[in-house]
Amino acid sequence: MSNATPSAPLYDGIGHGYASARRPDARIAARIDAALGDARTVLNVGAGAGSYEPAHRRVVAVEPSALMLSQRPGNAAPAIRGVAESLPFRDGSFDAVMASLTMHHWSNWRAGVREMQRVTRGRIVVFTFDPLRTREYWLVQEYLPAIADSPTEAFDLAEVAAAIGGRIEIVPVPVDCTDGFLAAYWRRPAMYLDPGRRGAVSAFHSVPPEQLHEGIARLETDIASGEWERRHGAGLPADDFDAGYRLIVRD
Ligand SMILES: C[S@@+](CC[C@H](N)C(=O)[O-])C[C@H]1O[C@@H](n2cnc3c(N)ncnc32)[C@H](O)[C@@H]1O
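Heads up: the sequence shown begins at 220 in the working numbering, then just goes up one per residue.
This is how it looks when you write it as structure tokens:
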């Protein structure tokens, strides 16, 4: 996680088309909802276009990017502009705080964790990933190794969980996952050839353009020749795959 630039300008720049490429996956939504337990009021930090906000609870969203806020559906929870590191709420304002695929963008994740602990009356649910697993993902390892060096990969999942005081749960990625995050297409490699899908994933923006072009061109060749299928087809599971996505849950 970077300690340098705030990411709101990043998402004002790269957030175009996010809501269509990154549709929340119902199975992941169910995991997040279960982790929220009996919380009636929930703050969603780094809420973006509203993915994974449970419709049957009273949710308030915080999000720094105007472009992301503009993609929230008309019936989405009320949202305000703000950042995790300085949440504009009094202590203990919510039954639970959630954060989905956002913590790796915070300029200071420790400050964000302290703020979540301050404004929740108890529960914290963070959907994130383990950078140690990202670097083992076939796309990163074989085609785009620069992704592993991105500032958003520079955090220790166990350290984050310890700071939160939560347990770590594995969230397998379904083979037909609808949320097009980095490893969503683990069994559908041709999806990575689509610039629109890549555009909705910040990791691809961190790769120097010539390396991105070279890696994707090589992937395209390997798909067309059957080489990708030969190397990976038999080794991958049929239904879902542990690509390193994790829930950190503090009850
Ligand atoms: C990959 S998107 C995830 C959005 C949404 N939570 C989801 O699951 O689709 C990352 C979001 O984190 C937001 N973000 C970046 N820096 C932030 C910060 N310091 N505090 C809160 N949110 C931040 C971005 O603007 C962006 O909307």
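Where is the CB? At the ideal position from N, CA and C, for every residue including glycine. Please read these numbers as outputs of a predicted model, since none were measured by experiment.
One or two residues paired with residue i in a DSSP bridge
i, result
"LEU376", "Answer is none; LEU376 lacks a bridge partner."
"ASN263", "ALA280 and MET317"
"GLU388", "LEU466"
"PRO393", "ASP459"
"ASP368", "According to DSSP, ASP368 bridges with nothing at all."
"ALA298", "ALA280"
Cβ-Cβ separation, residue j to residue i (assumed contact under 8 Å), whole Å
i, j, result
"GLY331", "ALA303", "3 Å"
"TYR464", "VAL390", "4 Å"
"VAL392", "ALA402", "6 Å"
"GLY399", "GLY236", "Going by Cβ atoms, the distance from GLY399 to GLY236 rounds to 10 Å, so no, they are not a contact pair."
"LEU288", "ALA298", "6 Å"
"ASP244", "CYS396", "5 Å"
"SER421", "THR371", "6 Å"
"PRO307", "GLY301", "5 Å"
"ASP349", "LEU376", "4 Å"
Heavy atom of ligand 1 within 7 Å of residue i beta-carbon
i, result
"THR339", "no"
"GLY267", "yes"
"LEU401", "no"
"ALA303", "yes"
"PRO283", "yes"
"TYR464", "no"
"MET287", "yes"
"LEU320", "yes"
"SER425", "no"
"ARG241", "yes"
"TYR271", "yes"
"TRP325", "yes"
"VAL332", "no"
"PRO421", "First, the residue type needs correcting, since residue 421 is Ser and not Pro in the sequence shown. Under cutoff, so the answer is yes."
"VAL264", "yes"
Other residues of its chain near residue i: CB distance less than 7 Å, five sequence neighbours each side excluded
i, result
"ALA367", "THR353, ARG354 and VAL359"
"ILE467", "VAL345, THR347, VAL379, ALA380, ILE383, GLY385 and ILE387"
"ARG342", "LEU255, GLY256, ALA258, ASP314, ALA315, ARG469 and ASP470"
"TRP404", "Sequence check: residue 404 is Tyr here, not Trp. Correct list, in chain order: MET410 and TYR411."
"SER369", "ALA422 and SER425"
"TYR230", "SER284, LEU286 and MET287"
Neighbourhood of residue i by C-beta distance below 6 Å, restricted to the same chain and skipping five residues each side
i, result
"ALA295", "GLY269"
"ALA365", "VAL426 and GLN430"
"ILE233", "HIS424"
"ALA248", "TYR271"
"ASN263", "GLU272, VAL278, ALA280 and MET317"
"ARG417", "PHE423"
"ALA238", "ALA268 and GLN290"
Own chain, CB closer than 8 Å to residue i, minus 5 neighbours either side, in chain order
i, result
"ALA457", "VAL394"
Contact between the segment 441-461 and the segment 321-338 (3+ Cβ pairs under 8 Å): Contact fails between the segment 441-461 and the segment 321-338, because fewer than three Cβ pairs, one in each stretch, are under 8 Å apart.
Contact the segment 320-328 vs the segment 433-446: 3+ CB pairs below 8 Å: no
Stretch-stretch touch, CB-based, cutoff 8 Å, three pairs: the segment 284-292 with the segment 305-317: The segment 284-292, when compared against the segment 305-317, does not touch it at the 8 Å Cβ threshold.
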